[in-house]
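Here the sequence shown stands for residues 207 to 326, where the numbers follow our numbering. A short worksheet on the structure shown next.
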Amino acid sequence: AWHGSQLGVPVTVVMPTVAPMTKVQNCRLFGANIIIHGDHIGEAKDYALQDPALQGLTYINGYDDVEVIAGTGTLGIEMLEQVPDCEVLVVPIGGGGLIAGIALAAKTLNPAVQVVGVEP
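Here it is as structure tokens:
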């Protein structure tokens, strides 16, 4: 939603009913069209891919997309550049894309670094 607002690109975000209200509100503040559908992220994704009103839009999966994961890997590179002797990286887990990219990049640069995922 933020990138869309910065680039002038309209954004529609489909989230499940369990999406944090802060996330929903922030996406709205950035001008995104918000659709709440499904009990979990899988149902929201299915809806986004099947709803005829959304056909023709580009679906970007925030956790299961090679380019998104590659982009998150840059965080792992930056962390190790700033703290070269880092022993442990603690990464929040949602869908898994963030930790996948960070772990891939960090372990490539320093196989000894430990990557720990956490969630609330």
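Glycine included, every Cβ here is placed at the ideal spot set by N, Cα and C.
Cα-Cα separation between residue i and residue j, rounded to whole angstroms
i	j	result
residue 230	residue 288	33 Å
residue 208	residue 233	7 Å
residue 321	residue 305	8 Å
residue 283	residue 271	19 Å
residue 238	residue 281	25 Å
residue 240	residue 250	11 Å
From the options, residue whose alpha carbon lies closest to that of residue i
i	options	result
residue 218	259, 310, 299, 313	259
residue 235	254, 248, 211, 252	211
Residue interval of the alpha helix (DSSP H) (run including residue i)
i	result
residue 268	First-last for residue 268: undefined, no H or E at that position.
Assumed close pair residue i, residue j - CB separation to whole angstroms, cut-off 8 Å
i	j	result
residue 303	residue 278	6 Å
Residues near residue i in its chain [Cβ-Cβ closer than 8 Å; skip 5 each side]
i	result
residue 246	222, 224
residue 276	307
residue 319	286, 292, 293, 294, 295, 312, 313
residue 252	244
residue 310	275, 279, 282
Other residues of its chain near residue i: CB distance less than 7 Å, five sequence neighbours each side excluded
i	result
residue 268	274, 301, 303
Cβ shell of residue i (< 6 Å), same chain only, five flanking positions each side left out
i	result
residue 299	305, 323, 325
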